[in-house]
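Heads up: the structure comes next, in C-alpha cells.
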C-alpha cells in the first residue's frame with residue numbers, strides 16, 4: 001500500500017503476532033509502505049518461528065523489548081514508534097500501559113479490556129505529558145460497506161449522525177443479527193475463549209463490534225436489556241443473547257447474537273470481510289425510518305411511490321447506487337478497500353498529525369461500559385441505564 005508522504009516508515013512491533021488476529025496484522029503491516037515491522041513480541045513457539053521467518057527481532061515479552069526506563073536517546077532510537085496489541089483482552093490494559101508511558105503509540109484490538117474499571121488506569125497514563133496515543137481497533141468503522149451505508153443515510157461518513165434527517169426520514173428503529181456457528185477448533189486453539197474471567201463469550205468477542213457500529217450509525221446508547229438463551233456447550237460463557245437497545249435520541253433497536261446457531265446472518269458472512277469465513281450475501285441489519293427502510297449491506301431501499309406512503313399503498317424497492325461490491329479486496333485482504341488496510345492508512349495519517357484518531361480510548365471505554373451493562377442485565381434480569 002503506497003502513501004503519498006515521502007516520510008520514513010513508522011516502526012512497529014506486534015504483540016501476539018502468532019495469534020489468529022495477530023497474523024492478519026502482520027500481513028497488513030508488511031503490505032503497507034507507511035510502516036515497517038521491526039519486532040514481534042509473543043511467548044509462544046509460533047512467535048519464535050514467525051520472527052525467524054520474517055527476519056525481525058523476537059522478544060518473549062514487552063519488558064524485554066522496552067528495557068528499563070528512563071528512556072535515553074540511544075534506547076529511544078532502538079524502540080518501535082508504535083505497537084499493535086493483538087492478545088487476549090484480559091492482557092490489553094497492562095500491556096498498553098507499558099508502551100504508552102514510554103511515549104509509544106498503540107493500536108489495541110477490541111474489546112479494550114474485560115471491564116471498564118480496568119480502562120481507567122490506561123486513561124490516567126494516556127493523559128500524562130509525552131504519553132503515546134491510543135487507537136482502539138474497531139476496524140469495521142473503516143469497512144467500505146459501513147462507509148457506504150453512512151453515505152446513503154446521511155450523505156457523508158465522518159460527521160456525527162443526524163437520525164432526524166436521513167435518507168429514510170427520521171430513523172425510529174433498528175434490528176440486527178450476528179448469528180453463526182463457531183467450530184470446536186475455534187475454542188480449542190485458544191482456551192481463554194471458553195472463560196468468562198478471561199474475556200470469552202459471544203458478548204465480549206462479537207457484540208463489542210456491533211455496539212461500536214450502532215454508536216457510529218445512530219449515536220449514543222443510554223439503556224440496554226439483555227436475556228441469555230440456552231447453553232449447548234460445556235463452557236463457562238454465554239452462547240446466545242437477545243438484546244434490546246435504547247438510543248439517546250429515542251431510536252429503539254433489537255439485536256440477536258449467537259455463536260452456536262447455524263445461520264448465514266453475520267457481519268463476516270454478509271460482507272466477506274474475513275476471507276477465511278464463508279460468504280452468504282444475506283442482509284444483517286434493517287434500519288426503519290418514517291419515510292422508508294434500508295437493509296445492510298445490500299442497501300436495498302423501500303420507499304413510497306410519490307407523496308407520503310402508508311400501509312394502503314405499495315412501496316417501491318430498489319438497490320442504492322452506493323451498494324458497491326468490494327469482494328475482490330476482501331478475498332485477499334490486500335486491496336485498498338480491505339478494512340484492515342483502510343484502518344492502517346488512517347492510523348498512519350493520524351500518527352503524522354494529518355487527521356484525528358477515528359476510534360479513541362474514550363470510544364473504547366464507552367463501548368466497554370455498554371458491554372458491562374449487557375452482562376449486568378443478563379445477570380440481574382433488569383434493564384440497565386448507562387450514564388453518559
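In the UniProt record's numbering, the protein residues as written are 1 to 388.
We treat Cβ as the ideally placed atom computed from N, Cα and C, and that holds for glycine.
Here the structure is a predicted model, which means the values were calculated and not measured.
So which of the options has the shortest CA-CA distance to residue i?
| i | options | result |
| --- | --- | --- |
| residue 375 | 133, 313, 199 | 199 |
| residue 104 | 362, 150, 384, 13 | 13 |
| residue 149 | 377, 381, 371, 324 | 324 |
| residue 274 | 21, 11, 16 | 21 |
| residue 128 | 144, 268, 99, 140 | 99 |
| residue 63 | 79, 53, 267, 51 | 79 |
| residue 7 | 34, 97, 101, 173 | 34 |
| residue 287 | 364, 58, 356, 152 | 152 |
| residue 24 | 159, 109, 92 | 109 |
If the criterion is Cβ atoms closer than 8 Å, does the pair residue i and residue j meet it?
| i | j | result |
| --- | --- | --- |
| residue 37 | residue 26 | yes |
| residue 242 | residue 227 | yes |
| residue 232 | residue 238 | no |
| residue 85 | residue 106 | yes |
| residue 344 | residue 42 | no |
| residue 218 | residue 251 | yes |
| residue 168 | residue 366 | no |
| residue 15 | residue 83 | yes |
| residue 143 | residue 339 | yes |
DSSP on residue i, reduced to helix/strand/coil?
| i | result |
| --- | --- |
| residue 352 | coil |
| residue 212 | helix |
| residue 120 | helix |
| residue 54 | helix |
| residue 265 | coil |
| residue 384 | strand |
| residue 301 | strand |
| residue 99 | helix |
| residue 228 | strand |
| residue 12 | strand |
| residue 17 | coil |
Over what stretch of residues does the alpha helix (DSSP H) that includes residue i continue unbroken?
| i | result |
| --- | --- |
| residue 362 | 361–380 |
| residue 201 | Careful: residue 201 lies outside any alpha helix (DSSP H) and carries neither H nor E. |
| residue 31 | 20–31 |
| residue 109 | From DSSP, residue 109 is part of no alpha helix (DSSP H) but of the beta strand (DSSP E) over 105–109. |
| residue 65 | 62–66 |
Ends of the beta strand (DSSP E) at residue i?
| i | result |
| --- | --- |
| residue 430 | Limits of the chain in this structure are 1 at one end and 388 at the other, which puts residue 430 out of reach. |
| residue 35 | 35–41 |
| residue 142 | Taken as a continuous stretch (DSSP letters only), residue 142 belongs to no beta strand (DSSP E), as it is neither H nor E. |
| residue 292 | 292–296 |
Inside the region 145–185 only - alpha helix (DSSP H) runs reaching at least 4 residues
none
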